[in-house]
């Protein structure tokens, strides 16, 4: 089997076999079929396309043909895109998976339990993680938690970071999203805030050895990606007495979002915020704007 794309220096060469060339979409053109790079016809049914990319880039991509999302037959590497489909991916020569996702045999392992909570007359999966220590710990709430568990290997990362003493021991509550209701649940939704405060936190406090947030205000953290990053920011803004640490990855922020007014019009809250976003992402500009807004406010 041909393994594509071919990588030479800073150039990725995509290969397609078929009567017609497909459209190529990915991080490099912000997933816009209208901006698909041009394929060059080599033979009757062989097409190639070259793209220059940063040497340390991790890239996800797919093809579009007859308005369908199509994977690259020459690339067995695929990852869920969060919308019931898969994308192909590859690393440029200067990029590689973080070693934090590797588990050596001697690595102390935290304990993991699986639970279900009722939400909207359905059950919601929650994964609880207790680090391998005896003392009470702060809690990290993770939106899209089962995706972070499977795709990001978050619990292995936590085990490694704790073992290397790069972070203090923390517990975690990884909560699954609502599937088709995800966008509604994570769009600065007070019902989600109520679920976290009234259902998720009591479950975590029952099963994990946690710091008491009334005795250690703001000791907990909350994180998420894309819409989950937006909801993490909103959670910290709404419950700063509990969640003093916010981690937003490629947050799906909007200039007209209520979170904009919360930051601009409210007093500075006792929050510490981490934000990151990919250099090739369409969310880069809006994340930079929110970063600047937070810095101007004193965060």
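Numbering (this note's numbering), first residue to last: 1056 to 1354.
Don't be surprised by glycine CBs; every beta carbon is placed ideally from N, CA and C.
**Message:** Is the beta carbon of residue 1150 closer than 8 angstroms to that of residue 1113?
**Reply:** Here residue 1113 corresponds to residue number 58 of the chain shown, with the count starting at 1. Here residue 1150 corresponds to residue number 95 of the chain shown, with the count starting at 1. Result yes, Cβ atoms of residue 1113 and residue 1150 sit closer than 8 angstroms.
**Presumed contact (8 angstroms Cβ cut-off) between residue 1226 and residue 1255, rounded CB distance** = In the chain shown, residue 1226 corresponds to position 171, counting from 1. In the chain shown, residue 1255 corresponds to position 200, counting from 1. Contact doesn't hold; Cβ gap of about 12 angstroms is too wide.
**Message:** Here's the rule I'm using: 16 or more other beta-carbon atoms within 10 Å means buried, otherwise exposed. How should residue 1169 be labelled?
**Reply:** In the chain shown, residue 1169 corresponds to position 114, counting from 1. Result: exposed.
**Request:** Please go through the same chain and pick out, in chain order, the residues whose beta-carbon is closer than 8 angstroms to the beta-carbon of residue 1239, but skip the five residues on each side of it.
**Result:** Here the question's residue 1239 lines up with position 184 in the chain shown. These residues qualify, in order along the chain: 1233.
**Unbroken stretches of the alpha helix (DSSP H), 4 residues or longer, contained in the segment 1183 to 1213** = 1200 to 1205
**Prompt:** If you drop the 5 nearest sequence neighbours on each side, which residues of the same chain put their C-beta closer than 7 angstroms to that of residue 1127?
**Reply:** The residue given as residue 1127 occupies position 72 in the chain shown. Around residue 1127: 1059, 1118 and 1143.
**Request:** Excluding the 5 residues preceding and the 5 following residue 1235 in the sequence, name in chain order all residues of the same chain whose CB lies nearer than 6 angstroms to its CB.
**Result:** Your numbering for residue 1235 matches position 180 in the chain shown. Cβ neighbours of residue 1235 beyond the five flanking positions: none.
**Request:** Could you spell out the range, first to last residue, of the alpha helix (DSSP H) harbouring residue 1347?
**Result:** Position 292 of the chain shown holds residue 1347. Here the alpha helix (DSSP H) through residue 1347 covers 1339 to 1352.
**Item:** Residues near residue 1339 by beta carbon distance below 6 angstroms, same chain, minus five either side
**Value:** Along the chain shown, read from residue 1 onward, the residue named residue 1339 stands at position 284. Closer than 6 angstroms at the Cβ level, and outside the excluded window around residue 1339, lie 1332.
**Item:** Candidates 1220, 1281 and 1157: closest to residue 1200 by CA position
**Value:** The residue you call residue 1200 lines up with position 145 of the chain shown. Checking every option, the nearest Cα to that of residue 1200 belongs to 1281.
**Prompt:** Is the segment 1175 to 1195 touching the segment 1145 to 1161 in the sense that three or more CB pairs, one from each, lie closer than 8 angstroms?
**Reply:** no
**Request:** Determine the DSSP secondary structure at residue 1293, reduced to helix, strand or coil.
**Result:** Here the question's residue 1293 lines up with position 238 in the chain shown. Helix at residue 1293.
**Request:** Tell whether a beta-carbon distance below 8 angstroms holds between residue 1184 and residue 1167.
**Result:** For the purposes of this step, residue 1184 is taken as the residue at position 129 of the chain shown. For the purposes of this step, residue 1167 is taken as the residue at position 112 of the chain shown. Cβ distance < 8 angstroms, so residue 1184 and residue 1167 count as in contact.
**Message:** One question on the structure: do residue 1163 and residue 1187 come within less than 8 angstroms of each other, judged by their Cβ atoms?
**Reply:** Taking the first residue of the chain shown as 1, we reach residue 1163 at position 108. Taking the first residue of the chain shown as 1, we reach residue 1187 at position 132. Yes, the pair counts as a contact, with Cβ atoms nearer than the cut-off.
**Message:** Suppose contacts are defined by Cβ-Cβ distances below 8 angstroms. Is residue 1301 in contact with residue 1329 by that definition?
**Reply:** Along the chain shown, read from residue 1 onward, the residue named residue 1301 stands at position 246. Along the chain shown, read from residue 1 onward, the residue named residue 1329 stands at position 274. In this structure, residue 1329 lies closer than 8 angstroms to residue 1301 by Cβ.
**Asked** Got a sec, what are the start and stop residues for the beta strand (DSSP E) residue 1107 sits in?
**Response** Position 52 of the chain shown, counted from the start, is the residue given in the question as residue 1107. That run of the beta strand (DSSP E) goes 1101 to 1107.
**Asked** For residue 1292, which residues from the same chain have a beta carbon less than 8 angstroms from its beta carbon, with the 5 sequence-adjacent residues on both sides left out?
**Response** One-based indexing of the chain shown puts residue 1292 at position 237. These residues qualify, in order along the chain: 1314, 1317, 1318, 1321, 1324 and 1326.
**Request:** Please specify which runs of the beta strand (DSSP E), each continuous and at least 3 residues long, are wholly inside the segment 1281 to 1329, giving them in chain order.
**Result:** 1298 to 1304
**Among 1106, 1224, 1285 and 1353, nearest to residue 1190 - alpha-carbon criterion** = In the chain shown, residue 1190 corresponds to position 135, counting from 1. Comparing Cα-Cα distances from residue 1190 to each of 1106, 1224, 1285 and 1353, the minimum goes to 1224.
**Message:** If distances are taken between C-alpha atoms only, which option among 1148, 1273, 1278 and 1116 comes closest to residue 1134?
**Reply:** Indexing the chain shown from 1 puts residue 1134 at position 79. Ranking the options by Cα distance to residue 1134, first place goes to 1116.
**Request:** Tell me whether residue 1268 is buried or exposed, calling it buried when 16 or more other Cβ atoms sit within 10 Å of its Cβ.
**Result:** The residue labelled residue 1268 in the question sits at position 213 within the chain shown. It counts as buried.
**Asked** Which whole-angstrom value is the C-beta distance of residue 1172 and residue 1204, which I expect to be below 8 angstroms?
**Response** Along the chain shown, read from residue 1 onward, the residue named residue 1172 stands at position 117. Along the chain shown, read from residue 1 onward, the residue named residue 1204 stands at position 149. Between residue 1204 and residue 1172 the Cβ distance is about 16 angstroms, and since that is not below 8 angstroms, they are no contact.
**Prompt:** Which residue from 1207, 1124, 1278 and 1258 puts its Cα closest to that of residue 1180?
**Reply:** Against the chain shown, residue 1180 aligns to sequence position 125. Residue 1180 has its Cα closest to that of 1258, out of 1207, 1124, 1278 and 1258.
**Request:** Excluding the 5 residues preceding and the 5 following residue 1278 in the sequence, name in chain order all residues of the same chain whose CB lies nearer than 6 angstroms to its CB.
**Result:** Here residue 1278 refers to the residue found at position 223 when the chain shown is read from its first residue. Only 1197, 1287 and 1302 meet the Cβ criterion.
**Prompt:** Looking at C-alpha atoms only, which residue of 1130, 1088, 1284 and 1202 is the closest neighbour of residue 1138?
**Reply:** Numbered from 1 along the chain shown, position 83 holds the residue referred to as residue 1138. Comparing Cα-Cα distances from residue 1138 to each of 1130, 1088, 1284 and 1202, the minimum goes to 1202.
**Message:** I need the straight-line Cα distance from residue 1272 to residue 1265, nearest angstrom please.
**Reply:** Here residue 1272 is taken as the residue at index 217 of the chain shown, counted from 1. Here residue 1265 is taken as the residue at index 210 of the chain shown, counted from 1. One C-alpha to the other measures close to 13 angstroms.
**Request:** Leaving aside the five residues before and after residue 1248 along the sequence, list all residues of the same chain whose C-beta is less than 7 angstroms from its C-beta, in chain order.
**Result:** Locating residue 1248 in the chain shown gives position 193, where the first residue counts as 1. Excluding positions up to five away in sequence, the list reads 1290, 1293 and 1294.
**Request:** Return helix, strand or coil for residue 1158, following the three-state DSSP convention.
**Result:** Residue 1158 sits at position 103 when you count from the first residue of the chain shown. Residue state, collapsed to three classes: coil.
**C-alpha gap between residue 1222 and residue 1080, whole angstroms** = Along the chain shown, one-based indexing puts residue 1222 at 167. Along the chain shown, one-based indexing puts residue 1080 at 25. The alpha-carbon atoms of residue 1222 and residue 1080 are separated by roughly 37 angstroms.
**Item:** Nearest-angstrom Cα separation, counted from residue 1304 out to residue 1343
**Value:** As a position in the chain shown, residue 1343 is number 288, starting the count at 1. As a position in the chain shown, residue 1304 is number 249, starting the count at 1. If you take the alpha carbons of residue 1343 and residue 1304, they lie about 12 angstroms apart.
**Residue range of the unbroken alpha helix (DSSP H) whose run includes residue 1248** = Working through the chain shown from its first residue, we reach residue 1248 at position 193. Its alpha helix (DSSP H) spans residues 1245 to 1250.
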